[in-house]
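>
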Amino acid sequence: MTEKPGKRNFFEDVYEVVRLIPKGRVTSYGAIASYLGSKGSARMVGWALIASHPFTKIPAHRVVNRVGMLTGKQHFEEMDTMQERLEQDGVQVVNNQVVNFKELFWDPAKELF
DNA sequence: CCAGTGACGGCTA
DNA sequence: TTAGCCGCCACTG
106 MTEKPGKRNF FEDVYEVVRL IPKGRVTSYG AIASYLGSKG SARMVGWALI ASHPFTKIPA
166 HRVVNRVGML TGKQHFEEMD TMQERLEQDG VQVVNNQVVN FKELFWDPAK ELF
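Using this note's numbering, you'd call the opening residue of the first sequence number 106 and step up by one each time.
Written out as structure tokens, the structure is:
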């Protein structure tokens, strides 16, 4: 996807944060964007994940929107892939929604540094 | 170059 | 309280 120098830094940063997400935990796009400094640009985080999907192997299934809904499941290899992977991590998902999302929520700005 | 879109989030009615 | 609109940033057509 025509990686350009400079902006790619933002992408790499997203990948690193996502990779640091502990198993059984989930985070939101806004939290990552805020941690990167581009708070408000949560969309860019999602875009970065799309771009990284087939190229960079990262637990993108641990990233959901601020409601805990698996909005991006449609972008996975299969729609159920995201939910299955989450259940594999021990995260309960019902109706495309993470159960106890608030408890499983992992904030990089707080937990990470 | 201009307009539309998109794994979102926060604010206002 | 719930529903809808606008805003941020990058990419495609």
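Built from N, CA and C at the ideal position, the CB exists for glycine as well.
What residue range does the alpha helix (DSSP H) around Asp194 cover?
No alpha helix (DSSP H) contains Asp194, which DSSP labels as neither H nor E.
> Rounded to a whole number of angstroms, what is the C-alpha to C-alpha distance between Asp194 and Ile126?
Between the alpha carbons of Asp194 and Ile126 lies a distance of about 11 Å.
> When burial is assigned at 16 or more other CB atoms within 10 Å of the CB, is Arg167 buried or exposed?
buried
> Let's test the definition: count the other Cβ atoms within 10 Å of the Cβ of Phe206 and tell me whether it reaches 16, buried, or not, exposed.
buried
> On the DSSP letters alone, give me the boundaries of the alpha helix (DSSP H) that Ser157 sits inside.
147–157
> By Cβ distance below 6 Å, which residues in the same chain neighbour Val150 in space, the five residues on each side in sequence not counted?
Val119, Tyr134, Ile137, Ala138
> Leaving out five residues on either side along the sequence, give the residues of the same chain with a beta carbon under 6 Å from the beta carbon of Ala165.
Leu154
> For the alpha helix (DSSP H) that contains Leu125, what are its first and last residues?
No alpha helix (DSSP H) contains Leu125, which DSSP labels as neither H nor E.
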